[in-house]
Every structure is written in C-alpha cells, then in structure tokens.
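2 protein chains.
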Amino acid sequence: MGLVSSQDHSFLGSTFDDYRANFPYQGDQLFRVLFERNQDRIKSKKIDIAANNLQKIFESTFTLSAKMGFHEMSLRGLSKDTGISMGGLYSCLSKKEDIALMVLDIVELVTTENNQLARAEANELISLEMGIKYHLYASTLLQPWFFFLYFETRSLNPENQQRSKNIEMNIIAMFEETIKRGLNKTQFDVHNPYFVAHIILLAIQDWYLKPWKNKQEDLSLETYSDYLFIMVKKLLRLDEGSLSIMQKNLS
Amino acid sequence: MGLVSSQDHSFLGSTFDDYRANFPYQGDQLFRVLFERNQDRIKSKKIDIAANNLQKIFESTFTLSAKMGFHEMSLRGLSKDTGISMGGLYSCLSKKEDIALMVLDIVELVTTENNQLARAEANELISLEMGIKYHLYASTLLQPWFFFLYFETRSLNPENQQRSKNIEMNIIAMFEETIKRGLNKTQFDVHNPYFVAHIILLAIQDWYLKPWKNKQEDLSLETYSDYLFIMVKKLLRLDEGSLSIMQKNLS
DNA sequence: AATAAAAACGAGCGCTCGCTCTATTAATCA
DNA sequence: TGATTAATAGAGCGAGCGCTCGTTTTTATT
C-alpha cells in the first residue's frame, strides 16, 4: 500500500522506477565506477576497454559461481566463458580474489548509501518503509552482486569477512535504532526491536537469495515490498487505523 | 474437530529437554545410523571403528569448512585435523562428496520427521508452535549439519541440490498448509499464508546460520522460540486474549 | 608509413588437489 | 600359535589450479 506522497522521501523517490532512474550503479556506469575505484589492481589504461572487459568478467563470474561456487570456478573456465584470454583477465585483475573484493566494495557502498537515505527520514514509520524499499530495490538491481557476496564471504580473508558481516549488522542496526526511536515516542508497541529489525533483514536477504522461490509464487517486487511492510506494521502493532492517523499528521 | 491434550502432541514432548531425551540422532548413535545408512560407500566392516572415525571426520569437516568452505578444505588438511591417514579416510568414504551427501541424508531425515510430527497435531496453532519448536530444537542439536548443508548445497550435483532445496520447500509447505487449514476455520486472520510460512522458515534458519548474532544479543533457545511464536501469532492477528480462549478449549 | 603504446594471447611453471595402491600393522579366530 | 581378515599408513599419480611472461596483434600518434 502506497501511503505517502513520493516526492518527500528522498531524491531517489519511493517507487522502483524512481529509484532505478537515479541509481548510479547500473549498466556501463557501474563498471566505469569499478574501474576508477580499483586503479591499483587494474593494469589496463583505457576505461572503455577495461569497463567492457570488467562487465564480461563479472557477468561470467556470477553465472559460473552461482552454479559451482567461486573457488570451484577456474580462471581457465572464466577465460572460456568471457572469451578473454588468461592474459586479458590479468590485465583487469591482480589476482582471482580481486573479483570478490570488488563485489564487496560495491555492495558495501550501495548499502551504506541506502542506510543513510533511510536514516534521513524524520518520521520513523516512513524511515522503516523507505529502508525496506531502498534495500529491496538496490538488491534487485544488483541481485547477482548481493547473492555472490552472501555466499562467497568465506572466500575472503578474515578482515574482509568482517567487513561483509558489518554490512549486515549495519542494516539491522539502522532498523533497530529507528524502531527504538519510534518506541520512545510511543509510536510503536513492540518489546524486542532487535528481533523485528533482524526479521526485516532476513526478509530482504531472502528476496535476493532465493528469487526462484518468489518467482514460483508469482510475487512481484512491489507486492513483496508491500507484504513486508504490512508485516512490520503488524509486528509493531500498528493497524490500518492508527496508520492513517499518522499519515494525516505528516502532510 | 477433535482437540488434543498436551501429552498427545508427540512422543518427543514440547520442551527442549524432552525433545533431546528422545532424539535418536546424537552422540554415538548418530554415527552408527550413518554407518548403517551408507554401507555402499563405506569399506570399513566394524561399526565401532567406523562410527568412531566418522565422528572425527564430521567434526573436523564442520570446523574446517565453516572457516574456508568445503571445496577449499583439502583431504590432506582433513587427514591432519582428524589424525586419520588418507587411507583411513577412504575406508569410510568412497569420495570427498560423500561427506556432503551424508549431511544431506541426515538433515533430510530429521526435517522430514519433524514435519510429520508437526502435521500430526490436530489443532492448527499448536501445530505451528510444535513445528517451530521441533525445527529449532533439531537444528540446535545438529547445528553444524544444518549450517553445512545450507552453505555447501552448491557443492552437490543438480539432483542433490534439488533434494536440498526441497527440504526447505517442504518446511514452508507444512507451515503454509497449517495456516490455510486455520484460515478455513476462520481461526487465523492473514491474507498471505505463504509469506508467513516463509518468514517462519527464515527465522528458523537464522537461528542455526548465525548463532553468533543471537549469542551477542543473549537470546536463549527458549526465548528465541517464544519470540518467534509470539511474532507468528501477531502475524495471524491472534492476541494473547484469543490465545487463552483457545488454550482453554484444549484442556 | 613509421613508430610507439596498449591490449590480447596462451604455453608453461610450480604447486596442490582428489584419489589409489601396496606394504605393514593390528585384530580375530581356529 | 599360525592363518586370515580388517585397518592403517603415506608415497605417488595424473589432472587441474592460479598465475606469469615472452610474444604477437591491435590501436593511437606522428
């Protein structure tokens, strides 16, 4: 249920189309960003060529490692699938692990930005709604990236494993703080904010981890997002009545 | 419909201690079952020796592959960690993959039994409660097994990957059917049973996938189980009042 | 057209992998 | 105790790994 007027929430808007229209990490641009953020690893000089190769590398990596796992994926296999020779691969990478590190970098970047956008909402309920939407939207646009990081975190060294865990913990913390803020103003009624924040994260993760499950049930992104928000309101003991009152207070 | 008294719920009982006391897949017995169910893979003849070696093999496998992943774990590393020579390992295995197959076998066995036990409850709300409890209890007693299967499903061949997925789908289906049964009798009020069933599974999985998260928050098994059941009742729009009425009908 | 720079190539290096196989030790039983 | 079977040991095999590097091909500049 779309309850609030969209233009107030943030420059990204509250619908998937709005969000996508302003999302800078997609298509060509994503790989140009990747090139610029990883100059130290990449020997290639020309951004157009490098970005093009990076795109092939990540597309093939996601296909292959979803099937068999990142470690099981060999660089010879990657070379064959991308059509880039071994030498070509190593002009965009300094080592195999770099692929995983670049995924970590992008997912960390995007989720951090989403957390900030959600926190920027003054009203707690809207903050929750936007937090859910932004994370669902971003993880839809970058589904293979989020999926990869979740399952391949253990291929990273301990320090980067921790960075990956922190991405998750920061999302929970954002939701938990927002719920607690709402609690202090007796806006919400729930006795374990952490548990609810936790459940929200699980539902968001499930969206990008098991797309086949929702495809099977014919759940669209917007429907899933709505169900999730309705669920959250139930858990915070907000029925439709109390919600509309709040809505009125906003405008 | 016939309502049941609490001792009928199942021979396993409803507390963790009851469940554990009757749980056949723990300690020595687990590995003796494993030996008997996998005669074709195992060259060893004597059950005592084989069960003892299997125990070491699985303990080390869970330690090593939680750190680095199953594929990254080498059999030389496993040999060192268990203290069993390569030849010794291969008298309990026909190939490395057998380890993952045996984990799949056990988790499939236990969850199928739990689903049957939960379905056997005539009352829908109690069925949900028991379903949650049994799955939480079993995954606590066999935490490394459940954890391993979740993360290493992709090491399996397509056929067995499907078996692993089906374990998950069958749990969701069990909860979904129970919720729908309750809906038909207007016992529950919720408009997407699948979504709720789905969320229950996620919360159960999170319990065994990220024990460190709950340890950090100091959530015990019983507390977690209670929170989860309270959450489910909220999602089904059953407040404490309507619950006690139902409980009265039971006795 | 000549030259310099960048990109692409892929055989080969050193190493580790899963797995095998024979020699040896331990256990069991007549 | 000698005979037979089961368990263990660990060097060795071929395959495949990540990665390198001398060379060739393409592109850009003069």
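Protein sequences, first through last, are from chains A and B. If you're matching positions, the first sequence starts at 1 in the working numbering and goes up one per residue. If you're matching positions, the second sequence starts at 252 in the working numbering and goes up one per residue. By construction, the Cβ of each residue, glycine as well, lies at the ideal position given by its N, Cα and C atoms. Predicted model, so just to flag it, every value in this text is computed and none were measured.
query	result
CB contact check: B/K485 to chain A, cutoff 9 angstroms	yes
A/F62 beta carbon less than 9 angstroms from that of A/P144	yes
Nearest residue (CA-CA) to B/I308, options B/H322, B/D269, B/R370 and B/I335	B/I335
Short CB-CB distance (under 9 angstroms) between A/G2 and chain B	The predicted model places A/G2 with a pLDDT of 37, which falls under 50 and marks its position as unreliable; any figure quoted below should be read in that light. Closer than 9 angstroms: no.
For A/Y90, three-class secondary structure by DSSP	coil
Chain B within 9 angstroms of A/L202, Cβ atoms only	yes
Run of the alpha helix (DSSP H) containing B/Y276, from where it starts to where it stops	From DSSP, B/Y276 is part of no alpha helix (DSSP H); its letter is neither H nor E.
Any 3 or more C-beta pairs closer than 8 angstroms across the region 127-142 of chain A and the region 44-59 of chain A	no
Extent of the continuous alpha helix (DSSP H) run through B/M313	What sits at residue 313 of chain B in the sequence shown is Phe, not Met. Counting along the chain, the alpha helix (DSSP H) containing B/F313 begins and ends at I298 to M319.
Cutoff 9 angstroms: B/G320 Cβ touching any chain A Cβ	yes
Run of the alpha helix (DSSP H) containing A/E177, from where it starts to where it stops	P158 to N184
Minimum Cβ-Cβ distance from B/R488 to chain A less than 9 angstroms	yes
DSSP-derived helix/strand/coil call for B/S502	Reliability of the predicted coordinates at B/S502 is poor, the pLDDT of 37 falling under 50, and no value is obtained from them.
Beta carbon proximity, B/N374 to chain A, threshold 9 angstroms	no
Inter-stretch contact at 8 angstroms, needing at least 3 Cβ pairs: the region 162-176 of chain A / the region 426-438 of chain B	no
Residue environment, A/W212, which counts as buried when at least 16 other CB atoms sit within 10 Å	exposed
9 angstroms Cβ cutoff, B/F402 in contact with chain A	yes
CB contact check: A/H135 to chain B, cutoff 9 angstroms	no
Below-9 angstroms beta-carbon distance, B/S325 vs any chain A residue	no
is_contact[B/E468, chain A] using C-beta, thresh 9 angstroms	yes
Member of B/I455, B/M319, B/L344 and B/A272 whose CA lies at the smallest distance from the CA of A/R154	B/M319
Minimum Cβ-Cβ distance from A/F147 to chain B less than 9 angstroms	no
Within-9 angstroms CB hit, A/R41 to chain B	no
Of the residues B/S342, B/K346, B/I481 and B/N304, the one placed nearest B/D332, counting alpha carbons only	B/N304
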